[in-house]
Structure formats: C-alpha cells, structure tokens
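Visitor: Here it is, the structure, as structure tokens.
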Amino acid sequence: MLNRNGGLIGRHCIYPYVGGALAATGFKSIAAKADRRPTPSTEKTTHSMPLSQIEILHQDAALLVINKPTLLLSVPGRAEDNRDCLVTRLQDNGFPEARIVHRLDWETSGIIVLARDPDSHRELSRQFHDRETEKAYTALCWGQPEQDSGSIDLPLRYDPPTKPRHVVDHEVGKHALTHWRVLERCGDYCRVELTPITGRSHQLRVHMLSIGHPLLGDALYAPPLALAAYPRLCLHASMLGLTHPQSGERLRFDCPAPF
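Add 109 to the 1-based position in the sequence shown for this note's numbering, that's all there is to it.
Shown next as structure tokens:
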C-alpha cells in the first residue's frame, strides 16, 4: 500500500546490513545527495528538452557523470518521438562532444558516465568491456528472501515473442551473474543491493524475478501486486567505480536511490 508521498506503508523494518555498497579501498569517493523529486512524466517528446531534472555529479575535460532520472532514454530510439534522451539533452545544452559509454534502461535511474573525447571514450568503453568497473544498484523487491545474500547464475536471452522482455534459457542464453544482498526488510518488500558481474539487458530485473522476488513497479516483469506497489521501477544505479581515462586515478561515485 502507498502513502500520500508515494512510499510504501509497511510493517516494522529490520536492518540486517548497515554500510556502503562496496568496499572502496583506493578510490576517490564522490557522493551525491538523494533526490526525491516527483517522478517525471511518461510523455515522450519530439524535441530535445532542457537539462532540468538531470543532475551532473562530476564533470572534467574527459568525462561526465550523470544521475539519470527515470523515464528518460540513454540514447535516441528509432522513432522520431523517441529522440529525447540523455545524450541529446546534453549535446544540445553545452556538451556537444558527449558520447555514451554504457546505458541504463529507460525506467532505471542513477549513475551513468559519458566521455568527452574519442580517446577517453575508447578507454572507458574498454574498462566496461573488460569488467574493470565496479557497479552496484539499489532496488526494492517483492517478498522476503530466506537468506540475507546470495548469487544468481542464470543465462539470459532476448525473447522476440514478448519483446522487449528477456528470459532465462539454459540452452542458448548468455552467461549472466548477479550478486545480491538484503539491506532492509519491511513487511511485504525489502531493499536490496544488486551487483551485476555481467551486463546483460534486463539482467537484474529477470534474475530477481527468477528467484521469486520481482522488482516493485516493474511494468515488464512484475506480477500485479508488485507492479501496483510503487509508481515507478524501483531500480537505481547507486554506485560506480572506474579509472579516470586520463589521470589514471581510481574514482568512486555514489548516488542514493530516490525511493
């Protein structure tokens, strides 16, 4: 059930884990404050919008680190009415050189990095490809896992008959591995930290569904009760660690979830 502020009215909360997302030894830490502004409109536009609702966590000559709001594409879609996206807004508002390095789903909010020159783009892309970055997501999931932590190692593939959904497929699916940890238990749902070791599309959403704990507000995968429990997908990229492409300094960016 939701309260008037869009939050869940739950029972007594239990906190089995207190602490940050991942160990950050050797990192320069850059944190952002939680942003609890109202969920943006789902209406898509045919023109680029201003940078309002986009928080720049860090910028220098080599890269931009952004807190992407929910319901904003990372890159333009094929249709004209899907042109509005994070890259377009940045390029049209003072950052014409911005180039995407990785993506977040339309519904997912949180930390995303863009490069500002070709050399930095190549180096950052290599780090993501070679899994030299560290990532953590915060999510709300339906139900209560029996354990406080675990791993999900299930292969995934795109499912054309139900596009854009993905499914577990042990025969032709691609390897996908997720570590999870309970951060907070509250009645019918819990807050979890999700650490994707691989980067498959919809990996976190399908993996949590596969163990019986779909994400709240997930219009693609959640059953009715979990879908109705929150007005947006409760998945937020809350931590990203990477090596600066020019200085070689190890950086860590933290951005708390708005739910």
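Note that CB positions come from ideal geometry on N, CA and C, so glycine has one too.
(1) I think V196 touches V184, with their Cβ atoms under 8 Å apart; what is that distance to the nearest whole Å?
(2) DSSP three-state label for T247, please.
(3) Roughly how many angstroms lie between the CA atoms of A335 and K177, to the nearest whole one?
(4) Assuming A285 and T307 are in contact, meaning their beta carbons sit under 8 Å apart, how far apart are those beta carbons, in whole angstroms?
(5) According to DSSP, is L360 helix, strand or coil?
(6) Could you check if K244 is buried or exposed, using at least 16 other CB atoms within 10 Å of its CB as the buried criterion?
(7) Determine the closest residue to S319 out of D262, E280 and Q236, with distance taken between C-alpha atoms.
(8) Does DSSP put D190 in a helix, a strand or coil?
(9) Starting from S319, trace the alpha helix (DSSP H) both ways and give me its first and last residue.
(10) Got a sec, what are the start and stop residues for the alpha helix (DSSP H) A335 sits in?
(11) When DSSP builds the beta bridges, which residues end up paired with L213?
(12) Quick test of your reading: L342 and L313, contact by CB under 8 Å. State the CB separation rounded to the nearest angstrom.
(13) Note down, in chain order, each residue of its chain lying with its Cβ closer than 7 Å to the Cβ of C364, except the 5 sequence neighbours on either side.
(14) So, V210 versus L349, is the Cβ gap smaller than 8 Å?
(15) Whole angstroms are fine: how far does the CA of G326 sit from the CA of P227?
(16) For the pair the region 242-260 and the region 298-306, tell me if three or more CB-CB distances fall below 8 Å.
(17) I need the straight-line Cα distance from P125 to H230, nearest angstrom please.
(18) State the DSSP-derived secondary structure class of T179, mapped to helix, strand or coil.
(19) Could you work out which residue in F362, A366 and F368 is closest to Q168 when comparing CA atoms only?
Guide: Let me lay it out:
(1) Looking up residue 196 in the sequence shown gives position 87. Looking up residue 184 in the sequence shown gives position 75. Right, their Cβ atoms sit about 5 Å apart.
(2) Within the sequence shown, the letter at position 138 stands for residue 247. For T247, the secondary structure class from DSSP, reduced to helix, strand or coil, is strand.
(3) In the sequence shown, residue 335 corresponds to position 226, counting from 1. In the sequence shown, residue 177 corresponds to position 68, counting from 1. Distance between the alpha carbons of A335 and K177 is about 24 Å.
(4) Residue mapping note: residue 285 aligns to position 176 of the sequence shown, counting from 1. Residue mapping note: residue 307 aligns to position 198 of the sequence shown, counting from 1. Indeed they touch by this definition, with Cβ atoms about 5 Å apart.
(5) Looking up residue 360 in the sequence shown gives position 251. Assignment of L360 by DSSP, reduced to helix, strand and coil, places it in the strand class.
(6) Start at 1 with the first residue of the sequence shown, and residue 244 comes out as number 135. Buried: at least 16 other Cβ atoms inside 10 Å.
(7) As a first step, residue 319 must be located in the sequence shown, where it is residue number 210. Checked all of D262, E280 and Q236; the closest Cα to S319 is D262.
(8) Within the sequence shown, the letter at position 81 stands for residue 190. In the structure shown, D190 adopts helical secondary structure according to DSSP, grouped into three states.
(9) Here residue 319 is taken as the residue at index 210 of the sequence shown, counted from 1. Note, S319: alpha helix (DSSP H), Q312 to S319.
(10) For the purposes of this step, residue 335 is taken as residue 226 along the sequence shown, with counting starting at 1. Counting along the chain, the alpha helix (DSSP H) containing A335 begins and ends at P333 to A337.
(11) Numbered from its first residue, the sequence shown carries residue 213 at position 104. BP columns for L213 are empty, so no partner.
(12) As a first step, residue 342 must be located in the sequence shown, where it is residue number 233. As a first step, residue 313 must be located in the sequence shown, where it is residue number 204. Approximately 10 Å separates the beta-carbon atoms of L342 and L313; this is outside 8 Å, ruling out the contact.
(13) Within the sequence shown, residue 364 is the residue found at index 255, counting from 1. Cβ neighbours of C364 beyond the five flanking positions: A141, L166, N176, G219, I220 and S347.
(14) For the purposes of this step, residue 210 is identified with residue 101 of the sequence shown, where counting begins at 1. For the purposes of this step, residue 349 is identified with residue 240 of the sequence shown, where counting begins at 1. No, Cβ-Cβ distance for V210 and L349 is not below 8 Å.
(15) For the purposes of this step, residue 227 is taken as the residue at position 118 of the sequence shown. For the purposes of this step, residue 326 is taken as the residue at position 217 of the sequence shown. Computed Cα separation, rounded: 37 Å.
(16) As far as the Cβ criterion goes, the region 242-260 touches the region 298-306, which means the pair count is three or higher.
(17) One-based indexing of the sequence shown puts residue 125 at position 16. One-based indexing of the sequence shown puts residue 230 at position 121. In this prediction, P125 scores a pLDDT of 38, lower than 50, which makes its location untrustworthy; the coordinate-derived value is nonetheless stated afterwards. Cα to Cα, P125 sits roughly 39 Å from H230.
(18) Taking the first residue of the sequence shown as position 1, residue 179 is located at position 70. T179 falls in the coil class under three-state DSSP.
(19) Taking the sequence shown and counting its residues from 1, one reaches residue 168 at position 59. Between Q168 and the set F362, A366 and F368, the nearest pair of CA atoms involves F362.
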